[in-house]
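*Asks:*
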Ligand SMILES: [Zn+2]
Ligand SMILES: [Zn+2]
Ligand SMILES: [Zn+2]
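Here is the structure:
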């Protein structure tokens, strides 16, 4: 995968010399560096629906430990022209019972918001998201109900997570099955 | 005899340490996600950590827009260096060095 992209970059560099009109934007050049240097943990995989558009891609996380072990969660990344001065827009596309992810897929991760810095990379976000699944944080939650359960009764929280990943209702919300 | 005993104890002792070492190893794996620290060591001063191009080359933005002349390098008091183009954009949001969090104070500008 990574090799493929470096080949692609070489090809593109060649093209740029021949047709200066098709030059890429700073955001595209920077994301290309990020992708070439991606060092994914074995639980994560990146998928480009359109190989010519590096600004839109998906990240699949399949945690192999913690509450969410065995699940499979998909995130969409949209990288704007302001990158790296603005963080990518990241949404969780899998309905998940998690204190830091709401039912619309908004993700509460500091480096995607107030703590973003242009020296961070796609890799930093991947590690941050992976960490959310290992250590869900009940403080400053987006899903308050899940956070309360996690804080008051870890055993019940674990059961709820299992139930949601197998496919089922938690309260009034139906969660689709997302086990691998 | 006494010596032999001692040696044996020591060997057992070091064996124990090995076993204990394995647990923290896994627990500390999580720390990897703290990439802020990683970058400050890896990049040193040669590469602009914002656009990730060497500071002696023109920054990504200038490469994309094919400008060459005004792309200078700035060094902070903290000894971190960036392209002025990249750093001035960041300073609009935050007056700290994005690598070390110290308040940004310009040391030199150069090429
Ligand atoms: Zn730069
Ligand atoms: Zn520049
Ligand atoms: Zn610094």
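Chains as they are written, first to last, in the UniProt record's numbering: chain A, 1 to 180; chain B, 1 to 111. For glycine and all other residues, C-beta sits at the position ideal for the given N, C-alpha and C.
1. At 3 residues or longer, what runs of the beta strand (DSSP E) sit wholly inside the UniProt domain "RING-type" (59-101) of chain B?
2. From 98(A), 99(A), 126(A), pick the residue whose C-alpha is nearest to that of residue 111(A); which is it?
3. For residue 29(A), return the contacting residues in chain B, with the cut-off set at a CB-CB distance below 7 Å.
4. Output the boundary residues of the beta strand (DSSP E) element that contains residue 57(A).
5. Could you tell me which chain B residues have their CB closer than 7 Å to the CB of residue 119(A), listed as they occur along the chain?
6. Determine whether the Cβ of residue 94(B) lies closer than 9 Å to any Cβ atom of chain A.
7. Cα-Cα, which of 147(A), 93(A), 83(A), 155(A) is closest to residue 72(A)?
8. Kindly indicate which residue of 131(A), 44(A), 144(A) has the alpha-carbon position closest to the one of residue 67(A).
9. Taking 9 Å as the CB-CB limit, is residue 88(A) close to chain B?
10. Taking only heavy atoms of ligand 4 into account, decide whether any of them is closer than 8 Å to the Cβ of residue 83(B).
11. Going along the chain, which residues of its own chain have a beta-carbon closer than 6 Å to the beta-carbon of residue 75(A), five neighbours each way excluded?
12. In the DSSP assignment, find the alpha helix (DSSP H) that holds residue 127(A) and state where it starts and stops.
13. So does residue 107(B) have its beta carbon nearer than 8 Å to some heavy atom of ligand 3?
14. Using a strict less-than 5 Å threshold between each residue's beta carbon and the heavy atoms of ligand 3, what residues do you get?
15. Going by DSSP in three states, residue 107(A) sits in which element: helix, strand or coil?
*Replies:* Taking the structure as given:
1. 73-76, 81-83
2. 126(A)
3. 60, 63, 64
4. 56-61
5. 39, 49, 50, 98, 99
6. yes
7. 93(A)
8. 131(A)
9. no
10. Absence of ligand 4 from the depicted structure is noted, with ligand 1, ligand 2 and ligand 3 being the only ligands included.
11. 59, 90, 92
12. 122-134
13. no
14. 78(B), 80(B), 97(B), 99(B), 100(B)
15. strand
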